[in-house]
Amino acid sequence: PKLVRALRLSAMADRVASCQWRRDAAKAELKARSRDLDECRQRFETEEQAHRACTWSCSVKRAAPFYEKRRMHEAGVEAQLAELRALERRLQQA
Numbered sequence: 016p017k018l019v020r021a022l023r024l025s026a027m028a029d030r031v032a033s034c035q036w037r038r039d040a041a042k043a044e045l046k047a048r049s050r051d052l053d054e055c056r057q058r059f060e061t062e063e064q065a066h067r068a069c070t071w072s073c074s075v076k077r078a079a080p081f082y083e084k085r086r087m088h089e090a091g092v093e094a095q096l097a098e099l100r101a102l103e104r105r106l107q108q109a
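All you need for the working numbering is the position in the sequence shown, starting with 1, plus 15.
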C-alpha cells in the first residue's frame, strides 16, 4: 500500500511538473505573440495616420475595396476548408 501510494504520488507530481512546464512555455509564447501584436498595431496605426487625410486618388484608399473583398473571399475559403476537414474526419471515423 505505501509503495503504491508513493508511486501514485510520484506519477501525479510528474504530471503536475509537466503541466507547469507547458503552462510556462505557453506564457512565454503568449508574451512573445502579445509583443508582436502590439508592434503590428503600432505600425498599423502609424500607416493609418499617414493616410487619414488622403483623397480618393491615394493608392491606399483606391486599393482598400480590393483588399476588403480579398479578405472576405479568404474568410469564405477558410470556412469551406474547415467544413471539408470536418467531413473528412467524420468519414474516417465511419
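Here a beta-carbon is modelled for each residue, glycine too, at the ideal position from N, C-alpha and C. Source: prediction; values computed, not measured.
Put residue i into one of helix, strand or coil per three-state DSSP.
{"i": "Thr61", "result": "helix"}
{"i": "Trp36", "result": "helix"}
{"i": "Arg50", "result": "helix"}
{"i": "His66", "result": "coil"}
{"i": "Ser74", "result": "helix"}
{"i": "Glu16", "result": "Reading off the sequence, residue 16 comes out as Pro, not Glu. Pro16 falls in the coil class under three-state DSSP."}
{"i": "Ala110", "result": "No answer is possible for residue 110: the residues shown for the chain start at 16 and end at 109."}
Whole angstroms is fine: what's the gap from residue i's alpha carbon to residue j's?
{"i": "Phe59", "j": "His66", "result": "11 Å"}
{"i": "Asp29", "j": "Arg23", "result": "10 Å"}
{"i": "Met27", "j": "Gln35", "result": "12 Å"}
{"i": "Gln107", "j": "Ala101", "result": "10 Å"}
{"i": "Arg85", "j": "Gln95", "result": "15 Å"}
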